[in-house]
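Residue numbers for the sequence shown follow our numbering, beginning at 47 and rising by one.
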Amino acid sequence: MTTRSMIRTAAVSAAAIALPVSLGLLAPAAHADDHETFGPACSSVPKEGAGSLDGMAEDPVATAASNNPELSTLVTAVKKAGLVDTLNNAKDVTVFAPSNDAFKKIPKADLDKVLADKDQLTKILTYHVVGEKIAPSQLSMGSFKTLEGSKLTTDGSHESYKVNDTANIVCGNIQTANATVHIIDSVLMPPK
């Protein structure tokens with residue numbers, strides 16, 4: 047074997063090893079982007095039952111949220127606005143779902159006033175819903191039209207994302223039967 051053929055054989059062997067290794071390194075990132083949840087509050091999602099990640103994946107989004115104890119205030123608001131069927135029948139949407147703690151940031155008198163005003167409540171809630179499924183890879187420097195009609199923005203990287211520069215995604219990429227849910231720590235207000 048000549049030196050030239052030995053170099054060629056070594057180069058081909060290196061490429062044969064490098065390609066599967068490099069593909070293997072890419073595969074987990076693609077898989078995690080499509081299927082893995084992220085964020086510090088994901089640990090508070092129940093491990094079993096209808097409110098667990100597996101349980102939520104089986105139900106449409108409003109039903110799935112009703113089984114998650116972190117979203118009980120949101121579910122109350124969705125019911126008061128009459129949006130349960132709208133959300134459960136929507137196809138491939140993303141919901142930026144305020145946690146109970148997000149609603150606690152609003153003074154009780156203000157929250158009670160919004161909950162009593164169906165039109166305003168509907169406007170606020172539909173501002174949290176985007177008419178497409180948004181994967182984590184789309185959250186960096188994203189701009190999305192909401193069902194309310196205005197746009198919201200997302201930015202960040204890895205597992206640290208903000209919505210409209212105010213709300214943190216505390217548990218993202220939760221899958222339901224018809225939606226992707228990103229739980230956020232503040233209620234978003236549509237532009238006036």
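Heads up, the beta-carbon is just placed ideally off N, CA and C, and yes, glycines get one too.
Whose C-beta lies closer than 7 Å to the C-beta of residue i among residues of the same chain, with five residues either side of it excluded?
i, result
"Val216", "Gly85, Pro86, Ala87, Ser145, Ile229, Ile230, Asp231"
"Gly95", "Gly101"
"Thr109", "Asn134"
"Ala123", "Leu161, Leu167, Leu171"
"Glu104", "Ala223"
"Leu185", "Thr200, Gly202, Tyr207"
"Glu205", "Phe84, Gly85"
Use the C-beta contact count for residue i: other C-beta atoms within 10 angstroms, 16 or more gives buried, fewer gives exposed.
i, result
"Pro74", "Note that Pro74 scores 35 on pLDDT, short of 50, meaning its location in the model is unreliable; the coordinates nonetheless yield the value given after this. By the 10 Å Cβ count, Pro74 comes out exposed."
"Glu116", "buried"
"Ser112", "buried"
"Gly128", "exposed"
"Pro182", "buried"
"Lys159", "exposed"
Tell me, to the nearest whole angstrom, how far the beta carbon of residue i is from that of residue j; I am working on the premise that it is less than 8 Å.
i, j, result
"Pro106", "Ala223", "5 Å"
"Glu82", "Asn219", "6 Å"
Whole angstroms are fine: how far does the CA of residue j sit from the CA of residue i?
i, j, result
"Gly97", "Val91", "7 Å"
"Ala76", "Val139", "Residue placement at Ala76 is poorly supported in this model, since its pLDDT is 35, which falls under 50; the coordinates are not used for a value here."
"Ser203", "Lys125", "34 Å"
"Asp156", "Ala136", "29 Å"
"Leu99", "Gln221", "7 Å"
"Val130", "Met235", "20 Å"
"Lys151", "Val233", "8 Å"
"Asn114", "Lys238", "31 Å"
"Ser118", "Lys154", "16 Å"
"Ser189", "Leu198", "6 Å"
Report all residues from its chain with a CB closer than 8 Å to the CB of residue i; omit the five preceding and five following residues, and keep chain order.
i, result
"Lys208", "Thr200, Asp201, Gly202, Asn214, Ile215"
"Lys164", "Lys126, Ala127, Gly128"
"Val121", "Ala108, Ala111, Ser112"
Excluding the 5 residues preceding and the 5 following residue i in the sequence, name in chain order all residues of the same chain whose CB lies nearer than 6 Å to its CB.
i, result
"Val227", "Val141, Ala143, Ile220"
"Met187", "Asp201"
"Ala225", "Val107, Val139, Val141"
(message) I want to know whether the stretch 146-161 touches the stretch 175-184 - three or more CB-CB distances under 8 Å.
(response) The count of Cβ pairs closer than 8 Å, one atom from the stretch 146-161 and one from the stretch 175-184, stays below three, leaving the stretches out of contact.
(message) Closer than 8 Å is the cut-off here; do at least three beta carbon pairs connect the stretch 158-172 with the stretch 187-203?
(response) By the Cβ rule, the stretch 158-172 counts as touching the stretch 187-203, because three or more pairs are nearer than 8 Å.
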